[in-house]
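Numbering (our numbering), first residue to last: 298 to 649.
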């Protein structure tokens with residue numbers, strides 16, 4: 298399924314092989330008149346593939362160009378107005394209630410033959426891309442060997458795990474607002490997604506079911522990081538639950554609060570931190586105002602701060618630096634967040 302502006306259309310293909318990160322090269326001059334291709338690339342095995350141009354395909358499908366341009370502008374306006382939306386994968390697992398997980402965390406969606414699932418060392422496994430991949434089942438335990446098994450694949454560096462679900466329903470862009478917090482392991486809470494009450498899955502819980510040390514990082518200065526105290530300020534319970542385990546197992550002593558007011562109360566109580574990580578989009582007191590409040594008091598005035606935001610415009614980044622943030626990181630880029638935390642603390646120690 299492709300989209301140009303507001304016009305969606307489907308391309309019928311024979312097979313979907315894989316996803317790849319590629320460098321697009323210009324097409325040869327003899328092929329430049331074929332508008333459906335924008336370039337080509339060479340894969341690791343030496344094979345050459347063509348890159349499809351959605352605009353060219355839209356033209357071949359006789360979509361009106363002027364209408365498409367107007368639709369694209371309208372879609373962009375809506376995107377700017379709703380830039381806090383999160384792409385979510387909606388699925389069923391273990392019950393009829395729909396569940397959702399952030400699409401950005403999922404590497405691939407697979408469907409495997411159930412008779413390919415094996416048991417070893419007390420857990421379910423499947424041979425995936427030449428290696429054994431642990432499977433974690435949501436809901437019912439590993440059962441019969443008939444039919445197909447939908448799997449959400451999560452990959453980090455050289456290891457993967459599969460989360461087995463019952464049915465993949467949809468991919469949606471929605472503002473994620475968890476209204477009811479859950480105390481059930483594996484669930485963060487419930488939110489309204491596509492006008493239905495939907496259970497929001499705690500992905501971190503299932504990742505650690507496959508690998509206890511999933512979030513571990515072999516940092517060069519791990520022994521030093523274990524003593525570093527990080528304050529995370531974010532009104533989203535979802536994000537705190539996602540990033541909290543990642544920072545803890547990376548060796549940081551983490552304190553999480555849900556508002557700027559709670560963070561400033563810690564300052565008045567005499568708490569000290571090596572780094573403050575703050576969301577920008579918070580009610581009552583946003584991240585910019587919070588940073589100004591931090592810098593206005595001698596107690597935390599020298600504590601480095603990192604900004605987390607879904608809005609990465611040049612204007613917002615510049616304003617972040619003006620009010621005292623050391624760096625500005627996208628909320629979905631957890632690898633960059635870990636790198637920025639390590640770099641910022643190291644720079645502070647060097648300066649000291």
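Even for Gly, the Cβ is constructed at its ideal location relative to N, Cα and C. Just so it is clear, the structure is predicted and the values come from calculations on it, not from any experiment.
Taking Cβ to Cβ, would you say residue 340 is nearer than 8 Å to residue 334? Going by C-beta atoms, residue 340 is not nearer than 8 Å to residue 334.
Local conformation of residue 308 per DSSP, three classes: Residue 308: coil per DSSP, three-state reduction.
Contact belief for residue 602 with residue 591 at Cβ below 8 Å, rounded distance in angstroms: Confirmed, Cβ separation roughly 7 Å.
Have a look at residue 446 and residue 432 and give me their C-alpha separation to the nearest angstrom. Here the C-alpha atom of residue 446 lies approximately 11 Å from the C-alpha atom of residue 432.
Give me the Cβ distance between residue 385 and residue 398, rounded to the nearest whole Å; I'm assuming they're in contact under 8 Å. Yes, they are in contact, since the Cβ atoms of residue 385 and residue 398 sit about 7 Å apart, within 8 Å.
Beta carbon of residue 628, beta carbon of residue 644: below 8 Å? Taking 8 Å as the Cβ cut-off, residue 628 and residue 644 do not qualify as a contacting pair.
Residue 435, DSSP secondary structure in three states: Coil, per DSSP.
With H, G and I counted as helix, E and B as strand and the rest as coil, what does DSSP make of residue 523? The pLDDT assigned to residue 523 is 47, lower than 50, so where the model puts this residue is not dependable; a value taken from the coordinates is nonetheless given after this. Reduced to three states, the DSSP call for residue 523 is coil.
Are the beta-carbon atoms of residue 527 and residue 544 separated by less than 8 Å? Result yes, Cβ atoms of residue 527 and residue 544 sit closer than 8 Å.
So the alpha helix (DSSP H) residue 505 belongs to, where does it begin and stop? Per DSSP, the unbroken alpha helix (DSSP H) holding residue 505 starts and ends at 500 to 507.
Per-residue DSSP class, three states only, for residue 403: Three-state result, residue 403: coil.
Check residue 430 in the structure and name its three-state DSSP category. Residue 430 sits in a strand when the DSSP states are folded into three classes.
Rounded to whole angstroms, what is the Cα-Cα separation between residue 457 and residue 482? In a straight line, the C-alpha of residue 457 is about 21 Å away from that of residue 482.
Span separating the alpha-carbon of residue 510 from that of residue 530: Just so you know, the alpha carbons of residue 510 and residue 530 end up roughly 25 Å apart.
Could you compute how far the alpha carbon of residue 636 sits from the alpha carbon of residue 491? Rounded to whole angstroms, residue 636 and residue 491 show a C-alpha spacing of 35 Å.
When the distance is taken between beta carbons, is residue 345 closer than 8 Å to residue 403? In this structure, residue 403 keeps its C-beta atom at 8 Å or more from the C-beta atom of residue 345.
Beta-carbon contacts of residue 568 that lie in its chain and below 6 Å, excluding the five residues immediately before and after: There are no such residues.
Given this structure, state the Cα-to-Cα distance separating residue 537 from residue 553, to the nearest angstrom. Using only the alpha carbons, I get a separation of about 7 Å.
Please report how far the alpha carbon of residue 608 lies from the alpha carbon of residue 587, in whole angstroms. Within the model, the alpha-carbon separation for residue 608 versus residue 587 is close to 17 Å.
Taking the continuous beta strand (DSSP E) assigned at residue 334, which residues delimit it? Bounds of the beta strand (DSSP E) holding residue 334 are 334 to 339.
Three-state secondary structure assigned by DSSP to residue 389: The DSSP-derived three-state label of residue 389 is strand.
Are the Cβ atoms of residue 595 and residue 620 separated by less than 8 Å? Cβ atoms of residue 595 and residue 620: not closer than 8 Å.
Could you check where the alpha helix (DSSP H) with residue 562 kicks off and where it finishes? Counting along the chain, the alpha helix (DSSP H) containing residue 562 begins and ends at 557 to 565.
When 489, 470, 468 are compared against residue 478, the one with the closest alpha-carbon: The option with the nearest alpha carbon to residue 478 is 489.
Measure the C-alpha to C-alpha separation of residue 426 and residue 338 and round it to an integer number of angstroms. Near 22 Å, if we compare the C-alpha coordinates of residue 338 and residue 426.
I think residue 497 touches residue 631, with their Cβ atoms under 8 Å apart; what is that distance to the nearest whole Å? Contact flag wrong, Cβ pair sits at about 18 Å.
Should residue 419 go down as buried or exposed, given a rule of 16 or more other Cβ atoms within 10 Å for buried? Under this definition residue 419 is an exposed residue.
What does the alpha-carbon distance come out to for the pair residue 413 and residue 423? The straight-line gap separating the alpha-carbon atoms of residue 413 and residue 423 is approximately 6 Å.
Suppose contacts are defined by Cβ-Cβ distances below 8 Å. Is residue 401 in contact with residue 434 by that definition? In this structure, residue 434 does not lie closer than 8 Å to residue 401 by Cβ.
Going by C-alpha distance, which of 392, 565, 584 is nearest residue 573? Minimum Cα distance to residue 573 is reached at 584.
Assuming contact is defined by CB atoms lying nearer than 8 Å, are residue 305 and residue 355 in contact in what I supplied? 8 Å or more divides the Cβ of residue 305 from the Cβ of residue 355.
So, at 6 Å on beta carbons, what are the nonlocal neighbours of residue 597 in its own chain, with the 5 sequence-adjacent residues on each side left out? Residues 564, 591 of the same chain have their beta carbon placed closer than 6 Å to that of residue 597, with the five preceding and five following residues left out of the count.
Cutoff 6 Å; reference residue 436; Cβ partners in own chain excluding five residues on either side: Cβ contact annotation for residue 436 (same chain, cutoff 6 Å, sequence separation greater than five): 390, 391, in chain order.
Sorted by chain position, which residues of the same chain lie with C-beta nearer than 7 Å to residue 561's C-beta, five sequence neighbours on each side aside? Closer than 7 Å at Cβ, skipping near neighbours: 590.
Does residue 456 come out as helix, strand or coil in the three-state DSSP assignment? In the structure shown, residue 456 sits in a strand (DSSP, three-state: E or B).
For residue 493, which residues of its own chain have a beta-carbon under 8 Å away from its beta-carbon, when the five flanking residues on both sides are left out? Annotation for residue 493: 395 place their beta carbon closer than 8 Å to its own, counting only its chain and skipping 5 residues before and after.
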